[in-house]
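In this note's numbering, the protein residues as written are 28 to 100.
Note that the Cβ used here is the ideal one computed from N, Cα and C, for glycine as well.
In this text, all values refer to a predicted model and were calculated from it rather than measured experimentally.
One structure is given here, and the rest of the page talks about it.
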């Protein structure tokens with residue numbers, strides 16, 4: 028979550044402080060899109076290490092993920 032905020036906040040600032048030139052905006056959009064494509068790649072069909080998953084591990088993961096006591100948000 029923190030990485031996403033650190034990535035998006037400067038983009039919002041760049042957008043808000045833009046010079047208003049339409050050509051600059053399209054160039055900026057292309058740069059941002061290229062940067063986003065390098066940072067965010069699609070998830071694989073099968074996650075690495077998933078061959079070691081057992082039903083007990085899967086159940087533990089679900090309990091930890093949905094536990095309201097361990098996480099504040």
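Using CA atoms only, rank isn't needed, just tell me which of 94, 67 and 83 is closest to residue 30.
Position 3 of the chain shown, counted from the first residue, corresponds to residue 30. The residue from 94, 67 and 83 with its alpha-carbon nearest to that of residue 30 is 67.
Between residue 97 and residue 91, what straight-line distance do the alpha-carbon atoms span, to the nearest angstrom?
The residue you call residue 97 lines up with position 70 of the chain shown. The residue you call residue 91 lines up with position 64 of the chain shown. The straight-line gap from Cα to Cα measures roughly 8 angstroms.
DSSP three-state assignment for residue 88, whether helix, strand or coil:
Taking the chain shown and counting its residues from 1, one reaches residue 88 at position 61. The three-state secondary structure of residue 88, taken from DSSP, is helix.
Residue 41 and residue 55 - do their beta-carbons sit closer together than 8 angstroms?
Along the chain shown, one-based indexing puts residue 55 at 28. Along the chain shown, one-based indexing puts residue 41 at 14. Against a cut-off of 8 angstroms, the Cβ pair of residue 41 and residue 55 comes out as a contact.
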